[in-house]
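Trainee:
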DNA sequence: CTAATCTCTCCAGTCGCTAGAGCTTCAAGG
DNA sequence: CCTTGAAGCTCTAGCGACTGGAGAGATTAG
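This is the structure in C-alpha cells:
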C-alpha cells in the first residue's frame, strides 16, 4: 500500500493533482487508514501512470475517462479507443501545421526590427499588420491545450 | 462611431470578449451613449485588431499589454518589443519540436490497433506503456497556450 | 407605436490544475 | 512514552482567457 506522496514520487504527478483526479472520478477513491489517509494499491499506481502518460500526450481528462471506462472491454466497443487516439493524432497534426505558419510570421515580425530604432517600431507595426501573412493563420483550434503546461518537472 | 457588435463583426472578436479586454485594461473604456452603450472610434478598432492578431500569434495578454504600452515609444525601450517577438518565436519552435515527438507516439498508439479486437486492447495498452517512446516526450512546456482555443470562428 | 434586435451588468462555468490556511496523523529518535 | 517534523487531511480561492446565461434597458426599422 502506497501513500499519496509515494504515488506522487513514482509517477511525477503532484499530490494535489492526484486528489484532483480522484475528485474528478479518474481515480477511484482510495482506501483510507484509520487516520483518514489515502492508501493506494499497485493497480492504482498503474492507473495513475496511465493518466499521466495520456495527459502528456495532450488528451483531455474527458477522453482519458472514456479510455478508462473501456478497460476490460472487448469487441467493437474498443473502436472508441482507436478513434480517440486517431483524433488526438489528427488534432496534433493540424496544430503543428498551424504553429508552423505562426512561427514563420513571428520570424517576419522579429526580423522587422534589426536594431535601428529611429521612427515608430517595425515590430509593433508588424504585429498590427495582418496583411503580409497569407491571411489564414488563424488558430481555430478546437479541443483543449495539447500538451498542457503543468509547471516545471 | 461603432457599436460593440460592429466591432465584433469587423474583427471577429466576440462581444463578451471585447468587454473582457476592456475590463483587463487592454482597451480603453469606450465612450458611452446617453443610454450607456459603448461607442468605439476607428482607433479602437485598430487596437482591437492588433490584440486579435497578437492573440492569434499566441501572445499572452500580459505581453500584449506591454506591446501596447510601447506604442509611440522610441529608442532603446523598443528592444522590449523585439524581445517579446523573439521569445514567442522561440517558444513556438520548442513547442513544435515537442509536438512532433508526441505525434510520432500517437501514431504508434493509433497503429497498435488495426481492427482485430480479440484480447485486451492494444491501444489502451499503448497508452499505458511509456516504454517504447524514447522516454522524454514529456511536455515541460512553460508559458501559456500558444494559439488558444477560442471557440470556432 | 411596436416589435425585433442589441446592449447593458452581473454572475457562474469551463479546463487543468496550483497554492494557501488551518488542522490532524504518522514515523522515527530520544 | 513523548516529542518533533514531515506528510497528510479538507476546504476554498485563484490562474488565464474566455464563454454563456439571466433579466433588464436601449436602439432601430417598419
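Protein chains in written order, with this note's numbering: chain A, 73 to 225; chain B, 73 to 225. Just so it is clear, CB atoms sit at the ideal spot from N, CA and C, and this is done for glycine as well.
Rounding to the nearest angstrom, what Cα-Cα distance links residue 118 of chain B and residue 162 of chain B in this structure?
Mentor: For the purposes of this step, residue 118 of chain B is taken as the residue at position 46 of the second chain. For the purposes of this step, residue 162 of chain B is taken as the residue at position 90 of the second chain. If I take the Cα positions, the gap works out to 27 Å.
Trainee: Pick helix, strand or coil for residue 182 of chain B, following the three-state DSSP scheme.
Mentor: Mapped onto the second chain, residue 182 of chain B falls at position 110. It is helical.
Trainee: Does the stretch 103 to 122 of chain B come close enough to the stretch 74 to 85 of chain B to have 3 or more Cβ pairs within less than 8 Å?
Mentor: Contact between the stretch 103 to 122 of chain B and the stretch 74 to 85 of chain B is present, because at least three Cβ pairs lie under 8 Å.
Trainee: Can you give me the Cβ contacts of residue 101 of chain A inside the same chain, cut-off strictly under 8 Å, excluding the 5 residues immediately before and after it?
Mentor: Position 29 of the first chain, counting from 1, holds the residue named residue 101 of chain A. For residue 101 of chain A, where only same-chain residues beyond five positions count, the Cβ hits under 8 Å are 94.
Trainee: Classify residue 153 of chain B: buried if its beta carbon has 16 or more other beta carbons within 10 angstroms, exposed otherwise.
Mentor: On the second chain, residue 153 of chain B is found 81 positions in, with the first residue counted as 1. Per the 10 Å Cβ criterion, buried.
Trainee: What three-state label does DSSP hand residue 42 of chain A in the structure shown?
Mentor: Because chain A is modelled from 73 through 225, residue 42 of chain A falls outside the range shown and cannot be assessed.
Trainee: What are the residues of the stretch 161 to 185 of chain A that lie near chain B, defined by any Cβ-Cβ distance shorter than 7 Å?
Mentor: Per Cβ criterion, the list reads 161, 164, 165, 167, 168, 170, 171, 172, 174, 175, 177, 178, 179, 181, 182 and 185.
Trainee: In whole angstroms, give me the CA-to-CA distance for residue 168 of chain A and residue 86 of chain A.
Mentor: On the first chain, residue 168 of chain A is found 96 positions in, with the first residue counted as 1. On the first chain, residue 86 of chain A is found 14 positions in, with the first residue counted as 1. One C-alpha to the other measures close to 29 Å.
Trainee: Taking Cβ-Cβ distances below 9 Å as the criterion, which residues of the stretch 120 to 136 of chain B are in contact with chain A?
Mentor: Per Cβ criterion, the list reads 121, 122, 124, 125, 126, 127, 128, 129, 130, 131 and 136.
Trainee: Any idea if residue 143 of chain A is buried or exposed, counting beta-carbon neighbours within 10 angstroms, 16 or more meaning buried?
Mentor: Along the first chain, one-based indexing puts residue 143 of chain A at 71. By the 10 Å Cβ count, residue 143 of chain A comes out exposed.
Trainee: Let me know the secondary structure DSSP gives residue 102 of chain A once reduced to three states.
Mentor: As a working note, residue 102 of chain A is residue 30 in the first chain. If DSSP states are grouped into helix, strand and coil, residue 102 of chain A belongs with coil.
Trainee: Are residue 104 of chain A and residue 175 of chain B closer than 8 Å when you measure CB to CB?
Mentor: Here residue 104 of chain A refers to the residue found at position 32 when the first chain is read from its first residue. Here residue 175 of chain B refers to the residue found at position 103 when the second chain is read from its first residue. Not a contact, by the Cβ cut-off of 8 Å.
Trainee: Here's the rule I'm using: 16 or more other beta-carbon atoms within 10 Å means buried, otherwise exposed. How should residue 224 of chain A be labelled?
Mentor: Taking the first residue of the first chain as 1, we reach residue 224 of chain A at position 152. Per-residue confidence for residue 224 of chain A stands at a pLDDT of 35, beneath the threshold of 50, marking its modelled position as unreliable; the derived number appears in the next sentence. Exposed, since its Cβ has fewer than 16 Cβ neighbours within 10 Å.
Trainee: Mind checking which residues open and close the alpha helix (DSSP H) that includes residue 87 of chain B?
Mentor: Here the question's residue 87 of chain B lines up with position 15 in the second chain. Residues 87 to 95.
Trainee: Could you check where the alpha helix (DSSP H) with residue 139 of chain B kicks off and where it finishes?
Mentor: Position 67 of the second chain, counting from 1, holds the residue named residue 139 of chain B. Here the alpha helix (DSSP H) through residue 139 of chain B covers 133 to 142.
Trainee: Can you list, in chain order, the residues of its chain with a C-beta nearer than 6 Å to that of residue 157 of chain A? Leave out the 5 residues immediately preceding and following it.
Mentor: The sequence position of residue 157 of chain A within the first chain is 85, counting from 1. For residue 157 of chain A, where only same-chain residues beyond five positions count, there are no Cβ hits under 6 Å.
Trainee: Would you kindly work out how many angstroms separate the C-alpha atoms of residue 92 of chain B and residue 133 of chain B, rounded to a whole number?
Mentor: As a position in the second chain, residue 92 of chain B is number 20, starting the count at 1. As a position in the second chain, residue 133 of chain B is number 61, starting the count at 1. Rounded to whole angstroms, residue 92 of chain B to residue 133 of chain B spans 11 Å at the Cα level.
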